[in-house]
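A.B. asks:
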Amino acid sequence: MNNISSSASSANMLSKPNRRDFLASSAAMASGLVVGFGSASPEAQAGVSNEQVTLWLNVGIDNSITLSVGTADMGQGSAQALASALCEELMVNPAQVKVLTGKPTVANPAPIGASITTAGSGMIKNYFWKVRDAGAAAREMLVSAAMASIGDSNRNNYSVANGIVINNSLAQQRTYGQVAAAAALLPVPSSAEVVPNKSLKYIGKSVARQDIPLKVDGSAVYGIDVRVPNMVYAIIKHCPTYGGVLGNTPSLPAGALALVPTKVVAASARGLDAVGNVNAVAVVATNTWDAMRIARQLKCNWTLPANISKLNSAQFKADALALLKTGVAYIGSHVPGTLYTVETVGSPATSINTSTLKLDLTYTLPYVSHACMEVLNCTVNHVAGVSCEIWAPTQAAKSVLILAMAMTGLGAEKITVNTTFLGGGLGRKIEMDFVSQAIQVAMAIKRPVKLMWPREEDFTHDFYRPMAAVRVQAGLTGPYINGWIYRNVSPSILSQRGYPLTAMGDSQAYEASHNLPYNFGARQTEYVMHGSPIPVGFWRSVGASINTFAVESAIDEAATAAGIDPYLFRRNQLTDPRWIAVLEAAANASNWRSAGPSGTAKGIAIGAAFNSISAQVVEVKKGSKGPVVTRVWIAIDCGICVNPDQVQAQLMGGVIHGMNAALYGQQTFVNGAAQAANFNKNRVTLLNEAPEVNVTIIAGSIDRSQSIGGVGELGVPTFAPALANAWFKLTKVRVRDLPFQPGAVMSD
Numbered sequence: 054m055n056n057i058s059s060s061a062s063s064a065n066m067l068s069k070p071n072r073r074d075f076l077a078s079s080a081a082m083a084s085g086l087v088v089g090f091g092s093a094s095p096e097a098q099a100g101v102s103n104e105q106v107t108l109w110l111n112v113g114i115d116n117s118i119t120l121s122v123g124t125a126d127m128g129q130g131s132a133q134a135l136a137s138a139l140c141e142e143l144m145v146n147p148a149q150v151k152v153l154t155g156k157p158t159v160a161n162p163a164p165i166g167a168s169i170t171t172a173g174s175g176m177i178k179n180y181f182w183k184v185r186d187a188g189a190a191a192r193e194m195l196v197s198a199a200m201a202s203i204g205d206s207n208r209n210n211y212s213v214a215n216g217i218v219i220n221n222s223l224a225q226q227r228t229y230g231q232v233a234a235a236a237a238l239l240p241v242p243s244s245a246e247v248v249p250n251k252s253l254k255y256i257g258k259s260v261a262r263q264d265i266p267l268k269v270d271g272s273a274v275y276g277i278d279v280r281v282p283n284m285v286y287a288i289i290k291h292c293p294t295y296g297g298v299l300g301n302t303p304s305l306p307a308g309a310l311a312l313v314p315t316k317v318v319a320a321s322a323r324g325l326d327a328v329g330n331v332n333a334v335a336v337v338a339t340n341t342w343d344a345m346r347i348a349r350q351l352k353c354n355w356t357l358p359a360n361i362s363k364l365n366s367a368q369f370k371a372d373a374l375a376l377l378k379t380g381v382a383y384i385g386s387h388v389p390g391t392l393y394t395v396e397t398v399g400s401p402a403t404s405i406n407t408s409t410l411k412l413d414l415t416y417t418l419p420y421v422s423h424a425c426m427e428v429l430n431c432t433v434n435h436v437a438g439v440s441c442e443i444w445a446p447t448q449a450a451k452s453v454l455i456l457a458m459a460m461t462g463l464g465a466e467k468i469t470v471n472t473t474f475l476g477g478g479l480g481r482k483i484e485m486d487f488v489s490q491a492i493q494v495a496m497a498i499k500r501p502v503k504l505m506w507p508r509e510e511d512f513t514h515d516f517y518r519p520m521a522a523v524r525v526q527a528g529l530t531g532p533y534i535n536g537w538i539y540r541n542v543s544p545s546i547l548s549q550r551g552y553p554l555t556a557m558g559d560s561q562a563y564e565a566s567h568n569l570p571y572n573f574g575a576r577q578t579e580y581v582m583h584g585s586p587i588p589v590g591f592w593r594s595v596g597a598s599i600n601t602f603a604v605e606s607a608i609d610e611a612a613t614a615a616g617i618d619p620y621l622f623r624r625n626q627l628t629d630p631r632w633i634a635v636l637e638a639a640a641n642a643s644n645w646r647s648a649g650p651s652g653t654a655k656g657i658a659i660g661a662a663f664n665s666i667s668a669q670v671v672e673v674k675k676g677s678k679g680p681v682v683t684r685v686w687i688a689i690d691c692g693i694c695v696n697p698d699q700v701q702a703q704l705m706g707g708v709i710h711g712m713n714a715a716l717y718g719q720q721t722f723v724n725g726a727a728q729a730a731n732f733n734k735n736r737v738t739l740l741n742e743a744p745e746v747n748v749t750i751i752a753g754s755i756d757r758s759q760s761i762g763g764v765g766e767l768g769v770p771t772f773a774p775a776l777a778n779a780w781f782k783l784t785k786v787r788v789r790d791l792p793f794q795p796g797a798v799m800s801d
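Going from the sequence shown to my numbering is simple: count from 1 and add 53.
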């Protein structure tokens with residue numbers, strides 16, 4: 054499967070074909086079958102909706118097959134998995150197929166194959182059955198066309214193998230290419246049977262990701278690789294302090310083509326970055342190095358916020374700790390300091406007061422940067438009133454399309470959005486700030502431009518994982534928790550975006566903290582909105598990375614207080630069979646009941662997010678500056694497992710990501726300015742420090758009643774608590790404040 058992003062070729066083709074051009078090119082391709090799903094109109098069924106081309110399947114008479122898959126490729130492999138599901142139904146080998154990244158459309162819901170927002174570990178979970186149904190329908194169209202060609206109308210006489218329709222009674226056959234043109238004229242079936250489980254060849258099997266060779270040999274086109282004719286380069290320079298506004302545009306420095314002030318647009322306004330604030334200047338030059346050099350030397354006059362002295366990490370943490378015991382109950386308005394009740398069962402305060410053992414625990418977590426390896430970048434070619442073409446490593450191509458329409462005044466048919474490969478996404482590349490800046494610069498200078506953020510801008514102007522403080526009150530009588538009160542205090546991601554909140558507050562903040570299958574007896578879960586105006590965003594596993602640390606650390610502390618093995622304590626209190634099976638799988642894989650190598654200890658944790666359940670056992674030993682992680686065992690129940698190798702790879706990557714955050718991840722602020730500006734002050738795990746990671750997958754049956762869960766984010770949440778629990782077992786030191794090594798640098 055040659056999984057090449059559509060942007061790889063379109064970078065050299067600056068005009069978007071209209072409907073007439075598309076039909077003409079289709080004829081030149083000898084009238085292959087192009088199928089699009091999601092609209093009832095005949096044009097949409099044929100792959101053409103008004104002037105917008107939407108195709109997910111193109112079969113040429115030369116038997117070439119092209120699939121359009123709507124997910125962005127940021128290394129997670131969901132494009133490969135969805136393509137495998139389509140190939141299963143088309144009964145073709147994935148190696149026969151070329152896969153393109155789908156284009157966005159304003160149609161709602163988006164047709165199959167159109168670009169969709171890639172987030173929340175939702176690609177397989179949300180689209181697995183949709184693409185299988187679409188593939189089955191397309192197969193039956195091709196079979197119907199073959200039946201008409203052969204002259205035998207009995208469907209039972211036909212089989213399909215490797216893109217060939219075979220009539221078993223007449224010993225005749227037709228390739229997909231031979232009947233593609235006729236199939237294109239047929240109506241799309243309302244339903245078609247999917248391939249039975251016994252005949253599956255790719256789903257549930259480890260299919261090689263064919264995009265990997267492109268990334269190894271350098272032919273894959275990332276956003277940062279895009280080049281278009283007559284292009285110039287821009288480097289962004291923000292006000293160092295959040296909320297700062299440009300006083301006046303500096304004089305044009307030598308070597309620069311232009312200085313373009315850029316403002317915050319509605320799509321990227323968060324916290325102190327208010328709509329209309331001119332918070333950055335783009336330096337435009339003929340090459341990246343000149344633009345970067347000039348940007349570093351550029352002196353700007355910034356007007357800073359009046360409350361700058363309060364915009365610091367110490368104040369944010371103090372406010373959070375105060376709100377652990379205060380807050381105004383929600384009565385209809387969503388403002389900082391509001392206390393939301395997420396769930397209440399029984400009378401937990403009474404149960405705790407009458408318990409034999411009482412725990413009152415506080416955990417804190419800092420802001421954390423995304424730190425994607427590919428810095429933010431976007432290339433734009435805008436011709437006023439005519440067209441706008443955009444190349445971006447984005448997780449949200451539809452949002453880019455809508456943004457471009459609003460900024461340029463052009464209709465969707467005049468805007469082309471090319472989603473390139475992403476050098477990491479992690480939630481950061483769902484944002485629109487870097488795209489809006491590139492559009493502003495292109496409109497100002499009237500030339501194609503690639504805008505890039507230096508690493509320092511990326512670290513210091515992120516949409517961070519929210520900081521948080523969590524209080525857990527628990528009461529134990531004997532070996533059981535019979536009262537539990539949990540309160541999370543953190544800034545609201547959804548509120549900063551203007552999304553409507555419910556009477557329970559921000560679901561991103563309290564996810565993985567409520568409806569837990571522990572037999573707590575009486576329980577209460579609360580969320581309090583923190584008022585910090587530092588921009589926050591979606592970070593790999595979002596609230597689950599915060600709450601699972603607090604929940605599973607507290608469970609471990611309760612086990613210690615009760616004098617019970619942490620695994621058995623959890624096992625005895627869990628009420629959900631799926632959770633129990635995952636916990637046991639991780640414990641068994643790690644040989645939990647047996648001691649590890651001398652000088653090591655193991656910790657365990659379990660949690661759920663994105664409809665999947667994962668448990669980890671982490672083994673540590675003492676290092677000169679803290680814990681050294683030696684081995685990790687992770688088990689997952691994600692329901693239907695499409696590609697086991699990819700599930701394993703994602704969990705391994707998630708473990709390292711969780712390890713980076715737990716040990717070192719931290720962004721601090723002084724007077725509104727972020728302090729860690731590069732990897733030298735944002736230490737990450739080195740190759741020789743990576744632990745051995747063992748993965749156990751509990752696969753469910755492949756049927757529509759079986760749940761499908763996400764995978765890409767599941768390696769993160771349970772790592773930090775398992776690490777903290779292992780460290781306590783080894784040293785009797787309980788770490789309740791992350792990271793383990795604040796201020797660590799790469800030279801440590």
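Just so you know, even glycine gets a beta-carbon here, dropped at the ideal spot from N, CA and C. Computed from a predicted structure; not experimentally measured.
1. Using the Cα positions of VAL798 and LEU776, report the straight-line distance between them to the nearest angstrom.
2. When we look at the beta-carbon of SER121 and count the other beta-carbons within 10 Å, is it buried (16 or more) or exposed?
3. Around the C-beta of ASP790, are 16 or more other C-beta atoms found within 10 angstroms, so that it is buried, or is it exposed?
4. Give the straight-line distance between the Cα atoms of SER168 and LEU414, rounded to the nearest whole angstrom.
5. Looking at the structure shown, is LYS316 part of a helix, part of a strand, or coil, going by DSSP?
6. Thinking ASN541 and ASN471 are a contact (beta carbons under 8 Å), I'd like their distance in whole angstroms, please.
7. Answer with buried or exposed for ILE384, where buried requires no fewer than 16 other C-beta atoms within 10 angstroms of its C-beta.
8. Taking the alpha carbon of SER422 as the point to measure from, which residue in VAL595, ALA562, ASN572 and ILE177 has its own alpha carbon closest?
9. Can you tell me whether ALA64 is buried or exposed? The criterion is at least 16 other CB atoms within 10 Å of its CB, across all chains shown.
10. Tell whether a beta-carbon distance below 8 Å holds between PHE663 and GLY763.
11. For a test of the three-state rule: what should DSSP assign to LEU803, helix, strand or coil?
12. With 8 Å set as the bound, which would you pick, yes or no: does the beta-carbon of PRO401 sit closer than that to a beta-carbon of chain B?
13. Would DSSP call ILE687 helix, strand or coil?
14. Given that a residue counts as buried once 16 or more other Cβ atoms are within 10 Å of its Cβ, and exposed if not, what is SER315?
15. Please say whether VAL581 and LEU392 have beta carbons closer to each other than 8 Å?
16. What three-state label does DSSP hand SER117 in the structure shown?
17. Can you name the start and end residues of the alpha helix (DSSP H) that TRP355 belongs to?
18. When the Cα atoms are used, what is the spatial distance from PRO358 to GLY796?
19. Residue ranges of each beta strand (DSSP E) run of no fewer than 3 residues wholly in the stretch 239-307, ordered along the chain?
20. Taking VAL708 and GLY768 to be in contact with their CB atoms under 8 Å, please state how far apart those CB atoms are, rounded to whole angstroms.
21. According to DSSP, simplified to helix, strand and coil, what is GLN719?
22. How far does the beta strand (DSSP E) with TYR416 in it reach, from first residue to last?
23. Can you give me the start and stop residues for the alpha helix (DSSP H) that MET345 sits inside?
24. In whole angstroms, what separates the C-alpha of VAL442 from that of TYR275?
25. Go ahead and label GLY438 buried or exposed: buried means 16 or more other beta carbons lie within 10 angstroms of its beta carbon, across all protein chains shown.
26. I'd like to know whether the C-beta atoms of TYR295 and GLN720 end up nearer to each other than 8 Å.
27. At which residue ranges does the stretch 522-578 contain complete beta strand (DSSP E) runs of 3 or more residues, listed in the order of the chain?
28. Since VAL802 and THR356 should fall inside the 8 Å C-beta cutoff, what is the C-beta to C-beta distance between them, to a whole number of angstroms?
29. Using 8 Å as the threshold, is the C-beta distance between ALA191 and LEU110 below it?
30. When DSSP labels each residue in this structure, what does TRP645 get in the three-state scheme?
31. Taking the Cβ atom as the reference point for each residue, do GLY652 and ALA779 lie within a distance shorter than 8 Å?
32. Rounded to the nearest angstrom, what separates GLY692 and MET557 at their Cα positions?
33. Under the DSSP definition of a beta bridge, which residues are partnered with ARG631?
34. Quick one: grab the DSSP three-state call for SER202.
35. For the stretch 413-471, which segments carrying the alpha helix (DSSP H) assignment without a break, of at least 4 residues, lie completely within its bounds, in sequence order?
36. With respect to the alpha helix (DSSP H) encompassing ILE599, which residues constitute its N-terminal and C-terminal limits?
C.D. replies: By the coordinates alone:
1. Working through the sequence shown from its first residue, we reach residue 798 at position 745. Working through the sequence shown from its first residue, we reach residue 776 at position 723. Approximately 20 Å, taken between the alpha carbons.
2. Locating residue 121 in the sequence shown gives position 68, counting from the first residue. Its Cβ being crowded by 16 or more others within 10 Å, SER121 is buried.
3. Residue 790 sits at position 737 when you count from the first residue of the sequence shown. Burial is judged here by how many other beta carbons sit within 10 angstroms of a residue's own beta carbon; ASP790 has fewer than 16 and is exposed.
4. For the purposes of this step, residue 168 is taken as the residue at position 115 of the sequence shown. For the purposes of this step, residue 414 is taken as the residue at position 361 of the sequence shown. Approximately 45 Å between the Cα atoms of the pair.
5. Stepping through the sequence shown from its first residue, residue 316 is reached at position 263. Strand at LYS316.
6. Taking the sequence shown and counting its residues from 1, one reaches residue 541 at position 488. Taking the sequence shown and counting its residues from 1, one reaches residue 471 at position 418. In fact, because the Cβ distance is near 39 Å, the residues do not count as touching under 8 Å.
7. Residue numbering aside, residue 384 sits at position 331 when the sequence shown is read from its first letter. Counting C-beta atoms within 10 angstroms of its own C-beta, ILE384 has fewer than 16 neighbours from the protein chains shown and is therefore classed as exposed.
8. In the sequence shown, counting from the first residue as 1, residue 422 sits at position 369. For SER422, the closest C-alpha among the options VAL595, ALA562, ASN572 and ILE177 is that of VAL595.
9. The residue you call residue 64 lines up with position 11 of the sequence shown. Annotation note: pLDDT 39 at ALA64 (below 50); position unreliable, no value reported.
10. If you number the sequence shown from 1, residue 663 lands on position 610. If you number the sequence shown from 1, residue 763 lands on position 710. Yes.
11. Only positions 54 to 801 of the chain appear in the structure, and residue 803 is not among them; the question remains open.
12. Included in the structure is just one protein chain, with no chain B present.
13. Residue 687 sits at position 634 when you count from the first residue of the sequence shown. Correct three-state label for ILE687: strand.
14. Along the sequence shown, one-based indexing puts residue 315 at 262. Inspection of the sequence shows that residue 315 is occupied by Thr rather than by Ser. THR315 is buried by the Cβ-count criterion.
15. Here residue 392 is taken as the residue at index 339 of the sequence shown, counted from 1. Here residue 581 is taken as the residue at index 528 of the sequence shown, counted from 1. Their beta carbons are under 8 Å apart, which means LEU392 touches VAL581 by this criterion.
16. By one-based count along the sequence shown, residue 117 stands at place 64. Looking at SER117 - three-state DSSP - the assignment turns out to be coil, as it is neither helix nor strand.
17. Here residue 355 refers to the residue found at position 302 of the sequence shown. Careful: TRP355 lies outside any alpha helix (DSSP H), inside the beta strand (DSSP E) at 354-356.
18. Numbered from 1 along the sequence shown, position 305 holds the residue referred to as residue 358. Numbered from 1 along the sequence shown, position 743 holds the residue referred to as residue 796. For PRO358 and GLY796, the distance between alpha carbons rounds to 27 Å.
19. Uninterrupted beta strand (DSSP E) stretches at least 3 residues long and entirely within the stretch 239-307 occur at 285-291 and 298-301, given in chain order.
20. The residue you call residue 708 lines up with position 655 of the sequence shown. The residue you call residue 768 lines up with position 715 of the sequence shown. Approximately 5 Å separates the beta-carbon atoms of VAL708 and GLY768; this is inside 8 Å, confirming the contact.
21. What you label residue 719 is simply residue 666 of the sequence shown in a count that begins at 1. DSSP, read as helix, strand or coil, puts GLN719 in coil.
22. For the purposes of this step, residue 416 is taken as the residue at position 363 of the sequence shown. TYR416 -> beta strand (DSSP E) spans 410-418.
23. Along the sequence shown, one-based indexing puts residue 345 at 292. In the DSSP assignment, MET345 falls within the alpha helix (DSSP H) that extends over 341-350.
24. Position 389 of the sequence shown holds residue 442. Position 222 of the sequence shown holds residue 275. According to the sequence displayed, residue 442 carries Glu and not Val. Distance between the alpha carbons of GLU442 and TYR275 is about 16 Å.
25. Working through the sequence shown from its first residue, we reach residue 438 at position 385. GLY438 comes out exposed.
26. As a working mapping, residue 295 is identified with position 242 in the sequence shown. As a working mapping, residue 720 is identified with position 667 in the sequence shown. For TYR295 and GLN720, no; Cβs fall outside 8 Å.
27. Counting only runs of 3 or more, we get 533-544.
28. In the structure as shown, the chain begins at 54 and stops at 801. Residue 802 is therefore absent and cannot be evaluated.
29. Here the question's residue 191 lines up with position 138 in the sequence shown. Here the question's residue 110 lines up with position 57 in the sequence shown. It is a contact, given that the beta carbons lie within the stated cut-off.
30. Position 592 of the sequence shown, counted from the first residue, corresponds to residue 645. DSSP places TRP645 in coil when its eight states are reduced to three.
31. Within the sequence shown, the letter at position 599 stands for residue 652. Within the sequence shown, the letter at position 726 stands for residue 779. Contact: no.
32. Here residue 692 refers to the residue found at position 639 of the sequence shown. Here residue 557 refers to the residue found at position 504 of the sequence shown. Cα to Cα, GLY692 sits roughly 28 Å from MET557.
33. If you number the sequence shown from 1, residue 631 lands on position 578. DSSP lists no bridge partner for ARG631.
34. Residue mapping note: residue 202 aligns to position 149 of the sequence shown, counting from 1. Reduced to three states, the DSSP call for SER202 is helix.
35. DSSP runs (the alpha helix (DSSP H)) wholly in the stretch 413-471: 450-461.
36. For this step, residue 599 is matched to residue 546 along the sequence shown. Here the alpha helix (DSSP H) through ILE599 covers 595-615.
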